[in-house]
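*Asks:* Counting in the UniProt record's numbering, the final residue of the sequence shown is number 908, and the numbers go up one at a time with none missing.
Quick reminder that beta carbons are idealized off the backbone N, C-alpha and C, glycines included.
Computed from a predicted structure; not experimentally measured.
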Amino acid sequence: GEPAHFEYLLYPLHSASITGLATCIRKPLIATCSLDRSVRIWNYESNTLELFKEYQEEAYTISLHPSGHFIVVGFADKLRLMNLLIDDIRSFKEYSVRGCRECSFSNGGHLFAAVNGNVIHIFTTTTLENISNLKGHTGKIRSIVWNADDSKLISCGTDGAVYEWNLSTGKRETECVLKSCSYNCVTISPDAKIIFAVGSDQTLKEIADSSVLRETSAFDVTYTAVAISHSGRMMFVGTSLGTIRAMKYPLPLQKEFNEYHAHAGPVTKILLTFDDQFLLTTAEDGCLFTWKVFDKDGRGIKREREVGFAEEVLVTKTDMEEKAQVMLELKTRVEELKMENEYQLRLKDMNYSEKIKELTDKFIQEMESLKTKNQVLRTEKDKQDVLHREHVDDLLDKQSRELQDLECCNNQKLLLEYEKYQELQLKSQRMQEEYEKQLRDNDETRSQALEELTEFYEAKLQEKTTLLEEAQEDVRQQLREFEETKKQIEEDEDREIQDIKTKYEKKLRDEKEANLRLKGETGIMRKKFSSLQKEIEERTSDIENLKGEQVKLQGVIKSLEKDILSLKREIQERDETIQDKEKRIYDLKKKNQELEKFKFVLDYKIKELKKQIEPRENEIKVMKEQIQEMEAELERFHKQNAQLELHVVELWQKLRAADQETRRERQTERDLEALVKRFKTDLHNCVAYIQEPRLLKEKVRGLFEKYVQRADMVEIVGLNTDLQQEYARQREHLERNLATLKKKVVKESELHRADYVRIMQENVSLIKEINELRRELKFTRSQVYDLEAALKLTKKIRPQEVPETGNVTSGQETWALGSRDQWQPQAGLPLASKAASPKLPPISGHIHPVAFLEPLHATRLLSKGSEACGQDAEREADQIWKMAGSGQSKEQEETGDMRREARGDHEE
């Protein structure tokens with residue numbers, strides 16, 4: 001009746017790359033977020049998962065308040081400020097910051113910073129307002145860090161810039177720009193004098209006063225994260241190989257560090273707890289590691305902390321009231337259950353007492369019946385004892401008579417056997433003499449034959465040795481020639497691979513730069529699109545308010561017929577204002593014509609760019625086909641090698657089994673020969689006692705006991721051979737089963753491929769449905785604009801509500817009258833329908849996430865200011881899609897080059 005209750009046997013871990021990591025001061029908590037759309041709170045003292053919650057959007061970054069009661073999480077759609085309750089994570093404030101990749105609470109907890117593209121927003125935790133925006137980066141910001149007193153903020157980005165911001169003024173104090181380096185992470189020393197930054201140039205930079213003081217090499221590894229201890233004595237660095245390096249601070253001049261292998265992918269975040277007791281690392285493999293920090297002598301760092309961790313937990317008032325109510329209900333339920341249990345116990349006592357009485361009566365009756373049966377059985381037992389004694393006496397008499405008869409018969413048989421034995425002994429002596437003569441003759445003939453054979457085979461041996469030496473010389477010459485040709489071929493292949501690699505790396509860099517530039521433009525377009533949506537919502541609310549006012553005015557018109565004369569005067573004044581607005585409309589139409597001319601010029605430029613892109617795409621297709629052919633050949637060779645290796649292993653196993661069987665047979669043959677020799681010697685010794693029958697009998701009996709057991713052992717050895725045959729048969733049966741299972745695996749893989757194709761087709765159909773919904777949205781917007789035009793009549797009645805800027809509807813586009821920089825067309829939907837149904841890439845063994853994600857950004861492109869309209873945005877989206885496709889093909893070509901290098905290593 002009760003519902004089932006399940007508990008976790010193991011704590012659920014992240015199933016995708018961990019993108020955010022944070023810790024606090026007042027509690028031993030770690031907060032992580034991942035691309036698997038989950039946020040998790042861990043306890044690094046008890047190594048347990050305390051809170052876990054999944055969301056609809058991907059989480060990119062997370063920060064934990066120093067008190068451990070609040071977190072800030074950057075999702076794909078919004079930035080959310082949440083409470084950490086005792087059993088839940090609840091959001092209480094949302095900010096419209098899309099795709100926030102980095103956020104951080106200040107050390108005091110009164111501020112927190114959030115990154116939106118290349119802008120840093122500063123919020124307060126008291127009023128939850130945006131107090132300042134820090135602008136200056138031209139590329140995406142990858143890392144931010146606060147100094148000890150929260151007066152400054154340090155940031156770095158992909159544009160190669162490291163800025164130090166003063167939060168009181170909102171301006172940059174120091175800056176260090178290296179465009180050749182794309183920074184991954186930044187940190188600051190405890191005294192706030194030196195900034196440490198790591199990036200794509202495989203160095204660790206020390207920056208002070210807007211200049212790089214020193215660069216330490218990473219030794220052919222890219223650093224992805226850096227952290228310095230609060231004591232200022234140690235520095236920890238994460239690499240792209242998943243290793244952690246621990247080094248002293250100040251940094252040594254030589255290669256002095258300890259490297260620890262931990263993760264299977266690049267390290268994404270690295271962090272030290274406030275007391276430098278633990279080091280926390282996360283990576284793209286979805287693993288979170290907690291490291292205990294020790295010094296050289298193996299002693300842990302002493303915690304200089306008198307106050308322990310806080311045990312307070314946030315609980316909402318509604319939860320407390322609900323729990324109190326539940327407790328009251330449970331108490332009443334417990335009292336009711338006690339009453340019911342007492343009543344049930346009384347009933348059961350009554351029933352059990354009645355049953356006990358019945359059972360006692362039954363047992364008494366059964367005891368009496370069993371006593372009578374026992375007496376009957378005892379009388380029968382006495383009778384059977386008497387009969388048994390008589391029968392035993394008869395059997396003893398019979399046995400004594402039979403023994404006497406058998407002794408007489410055995411004496412007669414022994415005399416006959418003794419006479420036969422004497423005859424056989426004479427025969428054996430004669431046979432022995434004859435065999436000795438034959439052995440002497442055979443020895444003489446064998447010695448002669450041996451001498452002849454040794455001479456013949458020595459001559460043959462000399463001939464074969466000469467032939468062998470000649471063959472070995474030929475083999476050595478052929479091996480030398482083969483090695484020379486092999487070296488020449490390998491050198492040629494290495495040169496070709498290096499040339500191709502350098503060429504395509506240059507192309508990839510160019511495409512990545514273009515991609516980053518276009519991503520920045522898409523971010524700007526997204527902001528404009530969100531502002532347009534807000535305006536549309538405001539207009540719809542105004543329309544609803546006007547409808548309500550219209551109903552009220554219709555009731556007022558009846559009571560205000562006496563004031564018609566005064567209203568006519570007001571209507572005349574309205575007519576004059578309408579004429580002024582029509583003049584403004586005429587001016588706006590002229591400006592629209594100028595924009596159309598500018599649009600024509602941009603269309604011509606886009607066509608020229610498309611003509612330049614086509615030959616590059618043809619080259620990429622040719623190289624793709626070559627790569628696919630080479631991959632098919634490589635897979636075929638791998639399969640052949642695997643089959644040959646299996647065949648060789650099977651043959652080796654069979655050969656070993658055959659060798660073991662031959663060895664066993666030889667051993668058994670030797671054992672049998674030794675047994676026959678022993679038997680002969682023992683039998684010869686027995687012959688010496690032929691005149692003494694008693695001793696002879698004892699010796700023959702000893703021979704029987706000795707050699708009959710040996711014969712049994714020989715039979716056991718025969719059984720072992722049968723077991724080996726059964727083992728071989730079972731092994732063949734298992735090999736057949738393994739072959740059938742392999743075939744099933746191949747079939748299932750083909751079925752999975754078919755399912756993948758079906759899923760891709762469903763995605764295409766869903767994209768088509770999205771395009772149809774967008775068309776419907778466009779149609780509804782046009783209806784809204786028509787309604788706005790119809791509602792102008794109601795605005796004429798109330799002149800005091802006329803806004804300073806009006807709306808002009810023309811066709812399917814609506815223009816907001818205002819300054820020239822605020823013009824934005826609101827009909828950009830055909831672009832989204834075109835960009836949302838791109839050509840899907842071909843299905844291959846590996847999927848490039850860049851090729852699937854980046855083209856979807858084209859759905860959010862809108863016109864930029866007054867420079868381009870909806871058609872220009874469509875062309876920009878097509879161009880981005882083509883560039884993303886070319887980036888995907890180039891990534892596939894790079895993977896093909898890597899596979900060729902691996903194949904060359906395998907052949908070596």
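For A113, does the three-state DSSP call read helix, strand or coil?
*Replies:* To locate residue 113, count along the sequence shown from 1; it is residue 113. In the structure shown, A113 adopts extended strand secondary structure according to DSSP, grouped into three states.
*Asks:* What's the C-alpha gap between N442 and S428?
*Replies:* The residue you call residue 442 lines up with position 442 of the sequence shown. The residue you call residue 428 lines up with position 428 of the sequence shown. The alpha-carbon atoms of N442 and S428 are separated by roughly 21 Å.
*Asks:* Anyone know if the C-beta pair for I154 and A113 falls short of 8 Å?
*Replies:* One-based indexing of the sequence shown puts residue 154 at position 154. One-based indexing of the sequence shown puts residue 113 at position 113. It is not a contact, given that the beta carbons lie outside the stated cut-off.
*Asks:* Identify whether E801 lies in helix, strand or coil by the three-state DSSP scheme.
*Replies:* On the sequence shown, position 801 is the one that residue 801 refers to. Bear in mind that the predicted position of E801 carries a pLDDT of just 39, short of 50, making it unreliable; the figure below should be weighed with that in mind. In this structure, E801 counts as helix in the three-state DSSP scheme.
*Asks:* For K768 and G117, I'd like the C-alpha separation in whole angstroms.
*Replies:* Walking along the sequence shown from the start, residue 768 turns up at place 768. Walking along the sequence shown from the start, residue 117 turns up at place 117. Rounded to whole angstroms, K768 to G117 spans 30 Å at the Cα level.
*Asks:* Helix, strand or coil, according to DSSP, for H261 in the structure here?
*Replies:* Taking the sequence shown and counting its residues from 1, one reaches residue 261 at position 261. The DSSP-derived three-state label of H261 is strand.
*Asks:* Taking 8 Å as the threshold (C-beta atoms), are G109 and H65 in contact?
*Replies:* Locating residue 65 in the sequence shown gives position 65, where the first residue counts as 1. Locating residue 109 in the sequence shown gives position 109, where the first residue counts as 1. In contact: H65 and G109 (Cβ atoms closer than 8 Å).
*Asks:* To the nearest angstrom, report how far apart M327 and V315 are at their CA atoms.
*Replies:* For the purposes of this step, residue 327 is taken as residue 327 along the sequence shown, with counting starting at 1. For the purposes of this step, residue 315 is taken as residue 315 along the sequence shown, with counting starting at 1. C-alpha of M327 to C-alpha of V315: approximately 16 Å in a straight line.
*Asks:* Going by beta carbon distance, what residues of the same chain come within less than 6 Å of residue 910, once the five residues before and after it are set aside?
*Replies:* Because the chain spans 1 through 908 in this model, residue 910 falls outside it and cannot be assessed.
*Asks:* Is it the case that the Cβ atoms of A225 and N184 are separated by a distance below 8 Å?
*Replies:* Residue mapping note: residue 225 aligns to position 225 of the sequence shown, counting from 1. Residue mapping note: residue 184 aligns to position 184 of the sequence shown, counting from 1. Their beta carbons are under 8 Å apart, which means A225 touches N184 by this criterion.
*Asks:* Using the Cα positions of Q399 and Q691, report the straight-line distance between them to the nearest angstrom.
*Replies:* In the sequence shown, the residue the question calls residue 399 occupies position 399. In the sequence shown, the residue the question calls residue 691 occupies position 691. Their Cα atoms are separated by approximately 33 Å.
*Asks:* Under a Cβ-count criterion, where at least 16 other Cβ atoms within 10 Å of its own Cβ denotes burial, should P615 be classed as buried or exposed?
*Replies:* In the sequence shown, counting from the first residue as 1, residue 615 sits at position 615. Counting Cβ neighbours within 10 Å, P615 comes out exposed, since fewer than 16 surround it.
*Asks:* Tell me where the beta strand (DSSP E) around C103 begins and ends.
*Replies:* In the sequence shown, the residue the question calls residue 103 occupies position 103. That run of the beta strand (DSSP E) goes 103–105.
*Asks:* Drop a sphere of 10 angstroms on the beta-carbon of D159, count the other beta-carbons inside from all chains shown, and report buried for 16 or more, exposed for fewer.
*Replies:* In the sequence shown, the residue the question calls residue 159 occupies position 159. Buried, by the Cβ-count rule.
*Asks:* Determine the direct distance from the alpha carbon of I571 to that of K562, and round the result to whole angstroms.
*Replies:* In the sequence shown, residue 562 corresponds to position 562, counting from 1. In the sequence shown, residue 571 corresponds to position 571, counting from 1. In a straight line, the C-alpha of K562 is about 16 Å away from that of I571.
*Asks:* Check the DSSP bridge columns for F52 and list the partner residues they point to.
*Replies:* Position 52 of the sequence shown, counted from the first residue, corresponds to residue 52. R40.
*Asks:* Nearest CA to the CA of I41: which residue from T48, A31, T662?
*Replies:* Translated into positions along the sequence shown, residue 41 becomes position 41. Ranking the options by Cα distance to I41, first place goes to A31.
*Asks:* With DSSP as the reference, please indicate the residues paired to F196 in a beta bridge.
*Replies:* Taking the first residue of the sequence shown as 1, we reach residue 196 at position 196. Per DSSP, T187, E206.
*Asks:* Short of 6 Å in beta carbon distance, which residues of its chain neighbour C686, apart from the five on each side in sequence? Order them along the chain.
*Replies:* Here residue 686 is taken as the residue at index 686 of the sequence shown, counted from 1. Closer than 6 Å at the Cβ level, and outside the excluded window around C686, lie K699.
*Asks:* Tell me whether H14 is buried or exposed, calling it buried when 16 or more other Cβ atoms sit within 10 Å of its Cβ.
*Replies:* Within the sequence shown, numbered from 1, the residue matching residue 14 stands at position 14. Result: buried.
*Asks:* Determine the closest residue to H263 out of Q254, T290, K255, with distance taken between C-alpha atoms.
*Replies:* To locate residue 263, count along the sequence shown from 1; it is residue 263. For H263, the nearest C-alpha among the options comes from T290.
*Asks:* Is the distance from the Cβ of L272 to the Cβ of A208 below 8 Å?
*Replies:* For the purposes of this step, residue 272 is taken as the residue at position 272 of the sequence shown. For the purposes of this step, residue 208 is taken as the residue at position 208 of the sequence shown. Result no, Cβ atoms of L272 and A208 do not sit closer than 8 Å.
*Asks:* Along the beta strand (DSSP E) that carries G555, what are the first and last residues, could you check?
*Replies:* The residue labelled residue 555 in the question sits at position 555 within the sequence shown. In the DSSP annotation of this structure, G555 is not part of any beta strand (DSSP E); the continuous alpha helix (DSSP H) holding it starts and ends at 317–559.
*Asks:* In terms of alpha-carbon separation, which member of K460, M623, D542, G702 lies closest to L787?
*Replies:* As a working note, residue 787 is residue 787 in the sequence shown. Of the listed residues, the one whose Cα sits closest to L787 is D542.
*Asks:* Assign T282 to one of two classes, buried (16 or more other C-beta atoms within 10 Å of its C-beta) or exposed (fewer than that).
*Replies:* In the sequence shown, the residue the question calls residue 282 occupies position 282. Buried, by the Cβ-count rule.
*Asks:* If I measure Cβ to Cβ from G286 and keep anything under 8 Å in the same chain, skipping five residues before and after, which residues do I get?
*Replies:* Position 286 of the sequence shown, counted from the start, is the residue given in the question as residue 286. L13, H14, S15, A16, S17, I18, S34, D36.
*Asks:* What residues in its chain sit with their C-beta under 6 Å from that of F274, if we drop five residues either side in the sequence?
*Replies:* Within the sequence shown, the letter at position 274 stands for residue 274. Hits under 6 Å: I25.
*Asks:* Is the beta carbon of C176 less than 8 Å from the beta carbon of V198?
*Replies:* Mapped onto the sequence shown, residue 176 falls at position 176. Mapped onto the sequence shown, residue 198 falls at position 198. No, the pair does not count as a contact, with Cβ atoms beyond the cut-off.
*Asks:* Only counting runs of 3 or more residues, tell me where the beta strand (DSSP E) segments fall wholly within the segment 229–292, in order along the chain.
*Replies:* The beta strand (DSSP E) runs of length 3 or more contained entirely in the segment 229–292 are, from start to end of the chain, 234–239, 243–248, 258–261, 267–272, 278–283, 288–292.
*Asks:* Less than 8 Å separating the beta-carbons of N43 and L29?
*Replies:* Here residue 43 corresponds to residue number 43 of the sequence shown, with the count starting at 1. Here residue 29 corresponds to residue number 29 of the sequence shown, with the count starting at 1. In this structure, L29 lies closer than 8 Å to N43 by Cβ.
*Asks:* On the three-state DSSP scale, how would you describe A873?
*Replies:* Within the sequence shown, numbered from 1, the residue matching residue 873 stands at position 873. For A873, the predicted model reports a pLDDT of 45, less than 50, meaning its position is unreliable and no value from the coordinates is stated.
*Asks:* By the DSSP assignment, the beta strand (DSSP E) with A688 in it spans what residues?
*Replies:* One-based indexing of the sequence shown puts residue 688 at position 688. Taken as a continuous stretch (DSSP letters only), A688 belongs to no beta strand (DSSP E), as it is neither H nor E.
*Asks:* From the DSSP output, in three-state form, read off K677 for me.
*Replies:* Here residue 677 refers to the residue found at position 677 when the sequence shown is read from its first residue. Helix.
*Asks:* Can you tell me which of E645, L213, S96, V72 puts its alpha carbon nearest to the alpha carbon of R90?
*Replies:* For the purposes of this step, residue 90 is taken as residue 90 along the sequence shown, with counting starting at 1. Comparing Cα-Cα distances from R90 to each of E645, L213, S96, V72, the minimum goes to V72.
*Asks:* If R142 and E102 are in contact, beta carbons under 8 Å, what's the gap, nearest whole angstrom?
*Replies:* As a working mapping, residue 142 is identified with position 142 in the sequence shown. As a working mapping, residue 102 is identified with position 102 in the sequence shown. Contact between R142 and E102 holds, since their C-beta atoms are separated by about 7 Å, short of 8 Å.
*Asks:* By Cβ distance, which residues of its chain are closer than 7 Å to V221, with the 5 residues on each side in sequence left out?
*Replies:* Numbered from 1 along the sequence shown, position 221 holds the residue referred to as residue 221. Taken in chain order, the residues that qualify are Q202, T239, S240, L241.
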